[in-house]
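The structure appears right after this line, and notes come after that.
2 protein chains.
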Amino acid sequence: MPKQIKPVPAEHQPAQSDWPLIRKFRYVQRLENQEIDALVQLHQQTKTIPKRKVILNQGDANKQCLIITDGWAYRFSKLRNGNRQVINYYVPGDIISPFALFMPKANYSVASITDLQVAVFKPDHLIQLFATHPRLGLLYGWMLGRNDALVAEQVIRIGRRSAYKRTAHLLLELYYRLKIVGLYNDTSFSTPLTQDLLADTLGLSIVHMNRTLRKLQADGMISGRLNEITLLDIDELMRITESQPRYLEQTQQISPVVSQQK
Amino acid sequence: MPKQIKPVPAEHQPAQSDWPLIRKFRYVQRLENQEIDALVQLHQQTKTIPKRKVILNQGDANKQCLIITDGWAYRFSKLRNGNRQVINYYVPGDIISPFALFMPKANYSVASITDLQVAVFKPDHLIQLFATHPRLGLLYGWMLGRNDALVAEQVIRIGRRSAYKRTAHLLLELYYRLKIVGLYNDTSFSTPLTQDLLADTLGLSIVHMNRTLRKLQADGMISGRLNEITLLDIDELMRITESQPRYLEQTQQISPVVSQQK
DNA sequence: AAAGCGTTATTACCTATGTTAATTCAGCTG
DNA sequence: CAGCTGAATTAACATAGGTAATAACGCTTT
Numbered sequence: 010m011p012k013q014i015k016p017v018p019a020e021h022q023p024a025q026s027d028w029p030l031i032r033k034f035r036y037v038q039r040l041e042n043q044e045i046d047a048l049v050q051l052h053q054q055t056k057t058i059p060k061r062k063v064i065l066n067q068g069d070a071n072k073q074c075l076i077i078t079d080g081w082a083y084r085f086s087k088l089r090n091g092n093r094q095v096i097n098y099y100v101p102g103d104i105i106s107p108f109a110l111f112m113p114k115a116n117y118s119v120a121s122i123t124d125l126q127v128a129v130f131k132p133d134h135l136i137q138l139f140a141t142h143p144r145l146g147l148l149y150g151w152m153l154g155r156n157d158a159l160v161a162e163q164v165i166r167i168g169r170r171s172a173y174k175r176t177a178h179l180l181l182e183l184y185y186r187l188k189i190v191g192l193y194n195d196t197s198f199s200t201p202l203t204q205d206l207l208a209d210t211l212g213l214s215i216v217h218m219n220r221t222l223r224k225l226q227a228d229g230m231i232s233g234r235l236n237e238i239t240l241l242d243i244d245e246l247m248r249i250t251e252s253q254p255r256y257l258e259q260t261q262q263i264s265p266v267v268s269q270q271k
Numbered sequence: 010m011p012k013q014i015k016p017v018p019a020e021h022q023p024a025q026s027d028w029p030l031i032r033k034f035r036y037v038q039r040l041e042n043q044e045i046d047a048l049v050q051l052h053q054q055t056k057t058i059p060k061r062k063v064i065l066n067q068g069d070a071n072k073q074c075l076i077i078t079d080g081w082a083y084r085f086s087k088l089r090n091g092n093r094q095v096i097n098y099y100v101p102g103d104i105i106s107p108f109a110l111f112m113p114k115a116n117y118s119v120a121s122i123t124d125l126q127v128a129v130f131k132p133d134h135l136i137q138l139f140a141t142h143p144r145l146g147l148l149y150g151w152m153l154g155r156n157d158a159l160v161a162e163q164v165i166r167i168g169r170r171s172a173y174k175r176t177a178h179l180l181l182e183l184y185y186r187l188k189i190v191g192l193y194n195d196t197s198f199s200t201p202l203t204q205d206l207l208a209d210t211l212g213l214s215i216v217h218m219n220r221t222l223r224k225l226q227a228d229g230m231i232s233g234r235l236n237e238i239t240l241l242d243i244d245e246l247m248r249i250t251e252s253q254p255r256y257l258e259q260t261q262q263i264s265p266v267v268s269q270q271k
């Protein structure tokens with residue numbers, strides 16, 4: 010087991026209902042105890058996956074959903090010439106194969122970066138879950154919408170931003186995502202990323218990735234290595250990248266609509 | 010798995026059941042008459058939107074869903090320096106704001122390209138629709154999954170492909186998407202795209218966009234203008250871009266799971 | 001503590017794509 | 001059918017970012 014990322018509130022013990030997915034949902038929505046119980050159910054069956062392992066291949070049957078409870082993974086595509094493009098990362102609280110219930114096959118590959126702690130559930134389980142707890146269906150929909158925004162943001166990043174801004178923008182995003190599930194420490198956070206992987210995420214060569222990180226460092230924007238990086242000037246980073254992490258939050262009322270359900 | 014038979018008189022075929030959205034769903038799933046009726050309901054209220062108009066602004070309340078029945082639109086983000094990045098296109102059969110039920114605000118802007126014919130429905134309508142016709146809920150989920158794949162594909166395109174391949178790849182994708190809803194003609198199809206818009210989609214300058222299209226033409230890959238373009242060598246285009254349009258189809262059985270619903 | 005290996009760093013050189021700016025083309029509209 | 005106007009095209013030049021090669025770091029393992 011690699012070093013464990015430390016959960017934020019050191020004082021409160023990881024209760025049984027403290028799974029990162031639940032934390033994420035609670036960040037946007039107050040949950041009833043029954044709902045929390047139902048979500049805890051989803052975490053029934055757990056499993057460990059070693060690092061640097063391909064979990065899912067493009068085209069594989071989508072027969073289970075995995076909730077990451079510890080560790081990082083990424084979704085990617087590999088081209089013939091060996092190039093790899095990372096589509097998105099999965100951090101604790103994220104679900105791998107969220108569309109498994111609807112789509113028979115995986116469209117892209119997924120691999121672990123670190124050793125992974127995951128909860129496994131059958132896609133079918135969702136049908137019954139949503140039938141019993143309609144609000145969880147809506148939250149699931151919210152999660153899908155948020156994922157959509159994350160990928161859309163990735164498009165904008167690599168489509169119309171310079172290497173410098175791409176990098177700054179992604180680092181900010183990761184910071185906020187980890188913050189939401191409690192995996193941060195003031196303005197720093199740890200990642201298992203390498204410059205190589207980052208380069209394949211941002212569509213850059215590894216050499217230029219390195220140049221860019223060095224530049225961010227020289228400009229006093231960041232410090233430390235990727236495994237424990239500190240954002241030195243968040244305001245400036247947000248200004249540079251024109252980002253409000255709005256797409257991560259969307260915190261408003263998701264509930265009202267629900268009342269019609271009965 | 011025995012699925013419930015709907016005792017619907019055979020002669021009862023919904024009047025106007027040829028909406029592109031329905032065509033798209035039928036492409037992957039056989040639908041019962043009742044389901045088709047329910048989908049036709051969604052098209053009750055229609056509306057026209059003029060071309061080149063911003064329909065939705067980043068941050069606007071997501072208070073309605075629009076099904077495009079005719080015309081094209083696109084989702085985009087505009088950066089401070091004036092750069093625009095197109096995230097995806099909407100063609101007939103696509104839904105604008107598919108996450109409206111789950112997310113209070115639009116994360117990105119949407120604008121019409123052509124005059125638009127749309128059907129408007131309230132997001133809440135979906136709750137009741139899915140409750141009555143669970144399979145439509147699954148189809149909706151399938152649609153979201155497909156959209157996810159489309160955006161993921163866009164990431165790969167602009168992240169790790171040359172201008173030439175990006176362009177070829179996008180043209181192929183559009184061809185297949187239009188084919189599914191019946192808007193094609195042998196190997197040619199018409200689009201309202203300009204080189205300017207394409208450039209902002211593929212993350213290229215307009216000059217290079219032009220160079221690239223000219224090159225594709227010189228290579229005998231395409232002919233005609235964007236408003237009526239012909240793919241001259243689809244096999245070769247697919248080889249070059251390493252694409253199987255798998256992510257557009259995923260045609261297998263979506264129904265089995267449904268039987269547990271009651 | 002030396003060996004081994006994945007990762008980071010750095011240098012020198014190269015090219016795909018961007019920028020600016022001007023010209024031509026095509027479809028309207030009056 | 002002349003005159004607009006948005007779109008496509010082209011040329012000349014500039015640069016962000018890619019490639020190749022090598023070195024240095026920092027771990028884990030023996």
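Chains as they are written, first to last, in the working numbering: chain A, 10 to 271; chain B, 10 to 271. The beta-carbon is built from N, C-alpha and C at its ideal position, and this holds for glycine as well.
If the cut is a Cβ gap below 7 Å, which residues of chain A does residue 163/B touch?
-> Ordered by position in chain A, the residues that pass the 7 Å Cβ test against residue 163/B are 164.
Would you mind telling me which residues of chain B sit closer than 7 Å to residue 88/A, beta carbon to beta carbon, in chain order?
-> Simply 169 and 251.
At a CB-CB cut-off below 8 Å, which residues of chain B make contact with residue 100/A?
-> The contacting residues do not exist; residue 100/A stays about 18 Å from chain B at best.
Which first and last residues belong to the beta strand (DSSP E) in which residue 8/A is found?
-> It is not possible to answer for residue 8/A, since the shown part of chain A is limited to 10 through 271.
Within the stretch 125-184 of chain B, ranges of the beta strand (DSSP E) (whole runs, at least 3 residues) = Here the runs fully enclosed are 125-130.
Report the rounded CA-to-CA distance for residue 150/B versus residue 111/A, giving the unit in angstroms.
-> Distance between the alpha carbons of residue 150/B and residue 111/A is about 6 Å.
Near-chain A residues of the stretch 143-160 of chain B (beta-carbon distance less than 9 Å), N- to C-terminal order | Against chain A - using a Cβ distance shorter than 9 Å - the residues of the stretch 143-160 of chain B are 143, 146, 147, 148, 149, 150, 151, 152, 153, 154, 155, 156, 157, 158 and 160.
Chain A within 8 Å of residue 29/B, Cβ atoms only = Among the residues facing chain A, residue 29/B is not included, as its CB has no counterpart in that chain under 8 Å away.
Listed by chain order, chain B residues near residue 96/A by CB distance under 8 Å | What residue 96/A touches in chain B: 161, 164 and 165.
Between residue 61/B and residue 121/B, which are expected to be in contact by the criterion C-beta below 8 Å, what is the C-beta distance as a whole number of angstroms?
-> A Cβ-Cβ distance of about 6 Å is found for the pair residue 61/B and residue 121/B, placing them in contact under the 8 Å criterion.
Pairwise C-alpha distance: residue 136/B and residue 268/A | Bear in mind that the predicted position of residue 268/A carries a pLDDT of just 33, short of 50, making it too unreliable to give a figure here.
Assuming residue 116/B and residue 161/A make a contact with CB atoms under 8 Å, what is their CB distance in whole Å?
-> At roughly 7 Å, the Cβ-Cβ gap stays under 8 Å, so residue 116/B and residue 161/A are in contact.
If you compare alpha carbons, which of 175/B, 156/B, 27/B and 227/B is closest to residue 79/B?
-> Of all alpha-carbon atoms in 175/B, 156/B, 27/B and 227/B, the one lying nearest the alpha-carbon of residue 79/B is that of 27/B.
Taking residue 184/B as the reference, which of 31/B, 94/B, 173/B and 196/B has the closest Cα?
-> Sorting 31/B, 94/B, 173/B and 196/B by C-alpha distance to the C-alpha of residue 184/B places 196/B at the top.
Could you have a look at residue 103/B and say whether DSSP puts it in helix, strand or coil?
-> In the structure shown, residue 103/B adopts coil according to DSSP, grouped into three states.
List the residues of chain A that residue 111/B touches, going by C-beta distances under 7 Å, in chain order.
-> Going along chain A in sequence order, the residues near residue 111/B (Cβ under 7 Å) are 147, 150, 151, 154 and 263.
From the beta carbon of residue 212/B, is the nearest beta carbon of chain A less than 8 Å away?
-> Yes, because at least one Cβ of chain A sits closer than 8 Å to the Cβ of residue 212/B.
Name, please, each residue of chain B whose Cβ falls closer than 7 Å to the Cβ of residue 92/A.
-> Those are 169, listed as they occur along chain B.
With 16 as the cutoff for other CB atoms within 10 Å, does residue 54/A come out buried or exposed?
-> So residue 54/A ends up on the exposed side.
Thinking residue 168/B and residue 204/A are a contact (beta carbons under 8 Å), I'd like their distance in whole angstroms, please.
-> Rounded, the Cβ-Cβ distance is 16 Å, inconsistent with contact.
Expressed to the nearest angstrom, what Euclidean distance is found between the alpha-carbon atoms of residue 225/A and residue 231/A?
-> Spanning the two alpha carbons is a distance of roughly 6 Å.
Taking 8 Å as the cut-off, decide whether the C-beta atoms of residue 71/B and residue 114/B are in contact.
-> A Cβ-Cβ contact shorter than 8 Å links residue 71/B with residue 114/B.
Should residue 163/A go down as buried or exposed, given a rule of 16 or more other Cβ atoms within 10 Å for buried?
-> So residue 163/A ends up on the buried side.
Give the straight-line distance between the Cα atoms of residue 134/B and residue 214/B, rounded to the nearest whole angstrom.
-> C-alpha separation (whole angstroms): 42 Å.
Distance between residue 247/B and residue 37/A (C-alpha atoms, nearest Å) | Between the C-alpha atoms of residue 37/A and residue 247/B there is a straight-line separation of about 43 Å.
Kindly indicate the opening and closing residues of the beta strand (DSSP E) around residue 87/A.
-> Segment 82-87, the beta strand (DSSP E) holding residue 87/A.
Those residues which DSSP pairs with residue 42/A across a bridge | Per DSSP, residue 42/A has no beta-bridge partner at all.
Reference residue 100/B; option with closest CA among 123/B, 89/B and 109/B | Nearest of 123/B, 89/B and 109/B to residue 100/B, Cα basis: 123/B.
Would you mind sorting residue 146/B into buried or exposed? The rule is 16 or more other CB atoms within 10 Å of its CB.
-> Here residue 146/B is buried: its Cβ has 16 or more other Cβ atoms, across all protein chains shown, within 10 Å.
Does DSSP classify residue 219/B as helix, strand or coil?
-> In the three-state scheme derived from DSSP, where H, G and I count as helix and E and B as strand, residue 219/B is classed as helix.
What are the partner residues of residue 79/A, as DSSP defines its beta bridges?
-> 126/A, per the DSSP bridge assignment.
Alpha carbon of residue 273/A to alpha carbon of residue 142/B, nearest angstrom = Only positions 10 to 271 of chain A appear in this structure, which leaves residue 273/A out of reach.
Among 223/B, 118/B, 176/B and 138/B, which one has its Cα closest to the Cα of residue 165/A?
-> Answer by Cα proximity: 118/B.
Inspect the beta-carbon positions of residue 243/B and residue 198/B and report whether they are closer than 8 Å.
-> Cβ distance not < 8 Å, so residue 243/B and residue 198/B don't count as in contact.
Would you give the residue range spanned by the alpha helix (DSSP H) that residue 120/B belongs to?
-> Careful: residue 120/B lies outside any alpha helix (DSSP H), inside the beta strand (DSSP E) at 118-121.
Taking 7 Å as the line, does the beta carbon of residue 154/A fall inside it for any heavy atom of the ligand NAD?
-> Looking at this structure, you won't find the ligand NAD or any other ligand, since it has none at all.
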